[in-house]
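One structure is given below, encoded as structure tokens.
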Amino acid sequence: MTNRNACRLAAALFLASLVSAWGGPGAARAASCCGSGSNTTLLVPKYATALADLSFDAESYHGFWNEKGRHTPDPAGADLNQYRLNLAAAYRFLPDWQFSLAVPYVWNDNRYSGLSSHTSGLGDTTVSVWYDLTDDQSPWRITSWRDLTPAVSLGVSLLLPTGYSPYDNVNSSFDVTGRGFYRLDGNLLVEKVIKHWDLTLSASYGSYFERWVNREYGKLVEPYRKELGDRTSLSASLGYGFPLGSGGDLLTATASYAYLAESEVSFDGRADPGSAFRKQSVAGMLSFSGADRDWSLRAGWRHDLRGSGWGRNFPSTDVLTVGVRYVFG
Amino acid sequence: MSLVRCAAIVLLVALLSGCGDNLTPSGSDLRPALQPGSTGPAVGQSAPPFAVSDSSGATVTLTTALAGRKGIVLYCTMWCSSCEEQTAQLQSMAASFPEVGFYLVDYVSGTVTEAATAAVANGVTGAAVVTLADTEHALLNAFQGTMGTTVLVDAAGVVRMNEDFRDGARLRAMLGAPSQP
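Line by line, the protein sequences give chains A and B.
Note that numbering that gives the first Met the number 0 gives residue 64 to position 65 of the first sequence, counting from 1, and the numbers run on in steps of one.
Note that numbering that gives the first Met the number 0 gives residue 69 to position 70 of the second sequence, counting from 1, and the numbers run on in steps of one.
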């Protein structure tokens with residue numbers, strides 16, 4: 000194990016120890032607050048203790064950006080799709096600390112004019128710990144600088160390679176449901192609610208752990224070491240809540256922009272200059288929550304900006320999402 | 000312990016116990032010893048014979064591909080982003096190694112015409128790199144190929160390399176090695 004990997008593993012173990020040490024049954028419950036959380040983040044609202052979330056993604060592929068950023072369509076007759084059922088839960092074990100787990104189950108459904116493939120399997124699992132650095136009091140009227148304080152949350156996530164990767168005993172690239180690498184992410188979420196408006200900014204930076212590879216798509220090969228490039232993701236979203244009637248039901252519409260990039264893959268410590276990728280996307284989502292704010296439903300669409308220059312070395316997709324969430328008070 | 004936390008731990012343990020290959024990757028060399036003189040896709044075996052159409056409709060066999068050459072490179076493409084980047088590297092290599100035949104194995108197009116159209120759309124033109132329309136998946140199955148699989152066969156018809164393209168460095172080194180094609 001390299002020093003870099005040892006350092007990252009130590010950090011992950013330290014976080015795990017934090018969870019076990021501070022997640023005792025006597026943990027105090029959070030005080031009531033107004034933060035409802037954005038439409039898309041898996042965070043327990045300040046007033047609640049836990050949440051359970053079930054969502055379904057239908058992702059369709061529409062060409063790719065090449066290494067120079069030129070967008071190219073898929074071959075004629077191609078119909079490439081991936082479906083994911085995501086099970087997730089989050090638990091607030093201290094007033095300012097929470098833990099979450101997200102597990103996807105993946106169906107790959109790919110058809111070309113000369114080949115078709117339908118496979119499925121568990122995807123990669125994400126385990127996260129979040130700390131609420133500051134709370135948003137969500138005032139209805141701004142009367143002081145303090146009222147402008149946003150909710151700031153810091154998180155660390157560990158991606159576990161529980162899916163089928165290219166390094167498993169699979170037959171082809173169509174069988175893959177995970178990437179096969181551990182990744183440790185540092186996450187920052189800033190959210191501010193003023194009246195009906197909700198502005199959310201998020202950023203995360205992740206580093207993959209280098210690993211041994213001795214098999215590629217089921218074929219045994221001479222062992223070598225591989226590491227995926229560091230991952231950066233940024234997003235900004237703006238939501239507006241429309242009260243429905245006088246009973247307290249709320250319909251929230253959110254528009255967002257996201258940027259995702261990964262740097263170069265390396266083989267035995269040697270970087271592959273053609274492997275870095277990036278892409279930009281926009282999304283819209285509608286969510287409905289009743290007056291009690293325990294159940295909520297959502298539906299959204301994410302669209303990669305397909306023009307040349309909006310991405311590089313990566314497929315462009317559209318994702319339709321529907322989800323249901325229950326928040327435990 | 001709350002029900003939620005208990006369920007999370009049980010789920011995590013179940014996941015960790017069911018996914019050993021990626022959770023604990025091995026650097027052991029598991030490649031089996033080969034039967035001398037056998038035919039197959041593995042390094043050191045005689046390459047399986049094949050006959051497929053190229054994108055112009057002409058039949059290419061192992062024998063005709065190797066005729067008068069030091070070897071051939073077969074690269075499996077599904078016309079994806081990494082395929083295009085790696086194809087560009089192959090085109091560059093083809094210019095540096097004119098005595099080696101370079102072939103793209105299109106295993107996703109259903110007809111020769113579609114393979115030809117996909118090749119042009121992805122910038123594969125000219126004679127340096129030839130697209131093979133593997134509509135029956137003969138090459139794909141013979142060499143256990145998938146996206147990015149790169150096979151090097153020497154003049155004697157022996158498989159010298161059969162693995163993912165990765166960054167192309169290994170293929171470049173093998174093409175340039177004095178004892179190789």
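C-beta atoms are modelled at their ideal positions from N, C-alpha and C, and glycine is treated no differently.
Small disclaimer: the values here were computed from a predicted structure and weren't measured.
1) Shortest alpha-carbon distance to residue 44/A belongs to which of 295/A, 306/A, 223/A and 141/A?
2) Run through the DSSP bridge pairs and tell me what residue 104/A is partnered with.
3) Confirm, please, whether the CB-CB distance from residue 22/B to residue 160/A is below 8 Å.
4) Taking 8 Å as the threshold (beta carbon to beta carbon), is residue 27/B in contact with chain A?
5) Hey, could you find the ends of the beta strand (DSSP E) residue 192/A is sitting in?
6) Relative to the alpha-carbon of residue 171/A, which residue among 136/B, 176/B and 121/B has its alpha-carbon at the smallest distance?
7) Can you list, in chain order, the residues of its chain with a C-beta nearer than 6 Å to that of residue 78/B? Leave out the 5 residues immediately preceding and following it.
8) Could you tell me if residue 163/B is buried or exposed, where buried requires 16 or more neighbouring beta carbons within 10 angstroms of its beta carbon?
9) Report, in whole angstroms, the separation of the C-beta atoms of residue 72/B and residue 99/B, which I expect to be a contact under 8 Å.
10) For residue 148/B, collect the residues of the same chain with a Cβ closer than 6 Å to its Cβ; drop the 5 residues on either side in sequence, then sort them by chain order.
11) Hey, how far is the Cα of residue 34/B from the Cα of residue 270/A?
12) Kindly identify the DSSP beta-bridge partner or partners of residue 56/A.
13) Using a beta-carbon distance cut-off of less than 9 Å, what residues from the stretch 209-232 of chain A approach chain B?
14) Can you have a look at residue 83/B and say buried or exposed, based on whether 16 or more other CB atoms are within 10 angstroms of its CB?
15) Taking only beta carbons into account, state which residues of the stretch 59-70 of chain A come closer than 7 Å to chain E, listed in chain order.
16) Can you check which of these residues, 74/A, 58/A, 90/A and 179/A, is closest to residue 81/A by C-alpha distance?
17) Measure the Cβ-Cβ separation of residue 233/A and residue 240/A and say whether it is below 8 Å.
18) Using alpha carbons as the reference points, say which of 85/B, 153/B, 174/B and 173/B lies closest to residue 64/B.
19) Where in the stretch 244-310 of chain A do unbroken runs of the beta strand (DSSP E), each at least 3 residues long, occur, reported from the N-terminal end onward?
20) Near residue 203/A, what residues of its chain come up, given a Cβ to Cβ distance below 6 Å and the 5 sequence neighbours on each side ignored?
21) Keeping to the same chain, check which residues put their C-beta closer than 6 Å to that of residue 116/A; ignore five residues upstream and five downstream.
22) Please confirm if the stretch 302-319 of chain A is in contact with the stretch 64-78 of chain A, defined as three or more CB-CB distances below 8 Å between the two stretches.
23) Would you call residue 23/A buried or exposed, if buried means 16 or more other Cβ atoms sit within 10 Å of its Cβ?
24) Please identify, using Cβ separations under 8 Å, the residues of the stretch 78-95 of chain A that lie next to chain B, in order along the chain.
25) Three-state secondary structure (DSSP) at residue 170/A?
26) By Cβ distance, which residues of its chain are closer than 6 Å to residue 47/B, with the 5 residues on each side in sequence left out?
27) Step through the CB atoms of chain A and report whether any lies within less than 8 Å of the CB of residue 30/B.
28) Going by DSSP in three states, residue 99/A sits in which element: helix, strand or coil?
29) What do you get for residue 274/A, buried or exposed, if any count of 16 or more other CB atoms within 10 angstroms of its CB means buried?
30) Identify the contact partners of residue 322/A in chain B, using a Cβ-Cβ distance below 7 Å as the criterion.
31) Looking only at its own chain, which residues have a Cβ that is under 7 Å from the Cβ of residue 61/B, when we skip the five neighbours before and after it?
32) For the stretch 156-173 of chain A, list every residue whose C-beta sits within 9 Å of some C-beta in chain B, in sequence order.
Concretely, from the data shown:
1) Closest by alpha carbon: 295/A.
2) Per DSSP, 84/A and 121/A.
3) yes
4) Yes - at least one Cβ of chain A is within 8 Å of the one on residue 27/B.
5) 182-193
6) 136/B
7) Within the same chain, residue 78/B has close Cβ partners 117 and 121.
8) buried
9) 6 Å
10) Closer than 6 Å at Cβ, skipping near neighbours: 75.
11) 36 Å
12) 83/A and 320/A
13) 210, 211, 212, 213, 214, 215, 216, 217, 218, 219, 220, 221, 222, 223, 224 and 225
14) buried
15) Protein chains A and B are contained in the structure displayed, whereas chain E is not.
16) 58/A
17) no
18) 153/B
19) 248-261, 276-288 and 294-303
20) 184, 186 and 232
21) 109 and 173
22) yes
23) Note that residue 23/A scores a pLDDT of 33, beneath 50, so its modelled location is shaky and nothing firm can be said.
24) Within the stretch 78-95 of chain A, the qualifying residues are 88, 90 and 92.
25) coil
26) 38 and 141
27) yes
28) strand
29) buried
30) Simply none; closest approach about 19 Å.
31) 46, 48, 49 and 156
32) 159, 160, 161, 162, 163, 164, 165, 166, 167, 168, 169, 170, 171, 172 and 173
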